[in-house]
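There are 2 protein chains.
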Amino acid sequence: MEKLDHIDRRILAILQRDASLSLEDLGERIGLSRNAVWRRVRALEESGVIRARVALLDPEKLGLGLTVFMMIRAERHTPDWLEKFTRATRDMPEILGAYRMTGDLDYLIRARVADVKAFDRLYKDLIARVELHDVSSSFVMEETKETTALPV
Amino acid sequence: MEKLDHIDRRILAILQRDASLSLEDLGERIGLSRNAVWRRVRALEESGVIRARVALLDPEKLGLGLTVFMMIRAERHTPDWLEKFTRATRDMPEILGAYRMTGDLDYLIRARVADVKAFDRLYKDLIARVELHDVSSSFVMEETKETTALPV
DNA sequence: AGGATCGCGGGAATTGTTCCCGTTTTCAAG
DNA sequence: CTTGAAAACGGGAACAATTCCCGCGATCCT
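First to last, the sequence lines map onto chains A and B. Numbering-wise, numbering that gives the first Met the number 0 puts 117 at position 118 of the first sequence, and it's gapless, one number per residue. Numbering-wise, numbering that gives the first Met the number 0 puts 133 at position 134 of the second sequence, and it's gapless, one number per residue.
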């Protein structure tokens with residue numbers, strides 16, 4: 000939790016939508032010299048507020064047309080089951096998010112695959128790696144929103 | 000869906016984890032001149048495979064410590080309900096993802112907020128904007144995985 | 001009011017990007 | 001095989017952006 004002023008927040012708001020702008024352009028937009036902006040950006044990177052700069056790819060163009068959520072209840076509630084589950088999800092690149100939850104479902108997985116057939120392979124691969132008591136999968140028909148931009 | 004060779008995929012794999020590398024460095028890693036790499040990256044941008052370059056922020060450092068999922072069943076199943084729902088989620092910056100689903104739950108929302116109190120405000124704000132028949136919210140205790148990197 | 005601190009902008013060196021051009025590789029047809 | 005066309009490569013150079021140094025002005029604290 001860092002102390003950020005209004006200008007820092009405007010910089011973050013812009014960069015988390017488009018990090019390809021030059022410092023010159025960025026400075027122009029917020030009314031500061033390329034230079035002042037550079038110092039602020041560097042500070043935000045060093046403090047870890049800016050965690051990374053990445054390229055976002057288009058899943059459709061990569062043939063990954065289907066988003067799937069898997070609602071999971073665990074077989075056994077032990078530390079080493081959790082450890083195994085964590086490793087399994089980390090090692091499976093189709094899995095984009097894995098969450099331990101409150102409520103009656105224990106875990107939630109968000110994954111991106113080519114199609115239903117590919118999902119079935121993912122499913123079988125997952126249950127081979129870690130025992131699951133109950134799994135209910137839902138396909139996403141439409142993503143009405145999907146962003147990496149946090150509220151600043 | 001584009002035709003990508005092995006080198007393109009290696010470039011994408013690197014850039015979707017770290018887009019701050021220079022063309023020189025990138026070329027070195029994959030055994031090509033800065034120049035050949037530049038042409039490939041440009042082609043990937045123009046074809047839309049690379050959708051954007053963005054900065055990823057640390058939610059904890061911004062005081063957004065809580066991820067929430069909301070499982071929703073709709074009040075009415077009409078085009079203009081969907082339209083209203085879509086606009087509502089678009090306009091609420093805490094909502095990072097909104098998905099129309101198969102199965103017995105109609106919609107799923109992924110959101111990031113400061114704490115339970117902030118979630119309650121989000122919840123009340125949402126039900127004020129669009130009528131929901133049934134909402135069940137779960138908090139994320141632990142994110143064992145969370146990535147923007149797609150399998151290439 | 002004086003002194004210290006902080007953030008700003010200008011300038012300049014360094015580094016990175018972009019584009020041109022000649023060469024090499026690949027691939028298909030003869 | 002050999003040959004010709006097309007595609008991809010690397011080197012060089014111009015241009016652009018980044019990075020860092022410095023001096024100035026605003027702000028704050030006593």
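We treat Cβ as the ideally placed atom computed from N, Cα and C, and that holds for glycine.
Interface residues of chain B around T77(A) at Cβ under 9 angstroms? Within 9 angstroms Cβ-Cβ: nothing; T77(A) doesn't reach chain B, min ~15 angstroms.
How many whole angstroms separate the CB atoms of T85(B) and T85(A), which I take to be in contact at a CB cut-off of 8 angstroms? That pair is no contact at about 34 angstroms.
How would you call I126(A), buried or exposed, if buried means at least 16 neighbouring beta carbons within 10 angstroms? exposed
For a contact defined as C-beta to C-beta under 8 angstroms, what are the partners of E93(B) on chain A? P150
Quick one: Cα of E59(A) to Cα of A97(A), how far? 22 angstroms
Grab me the residues of I49(B)'s own chain with a C-beta within less than 8 angstroms of its C-beta, minus the 5 sequence neighbours each way, in chain order. L11, L14, V40, L43
Would A18(B) pass as an interface residue toward chain A - the criterion being a Cβ-Cβ separation below 8 angstroms? yes
Span of the beta strand (DSSP E) holding E145(A)? 131 to 145
Neighbour-count burial assignment, G26(B), 16 or more Cβ in a 10 Å radius: buried
Counting only beta-carbon atoms, is A42(B) nearer than 8 angstroms to chain A? no
Could you pull out every residue in the same chain whose Cβ sits closer than 7 angstroms to the Cβ of D7(B), ignoring the five residues on either side in sequence? R39, L43
Taking the alpha-carbon positions, what's the I94(A) to E45(B) distance? 27 angstroms
Quick one: complete beta strand (DSSP E) runs, 3+ long, within the region 61 to 100 of chain B? 65 to 73, 94 to 100
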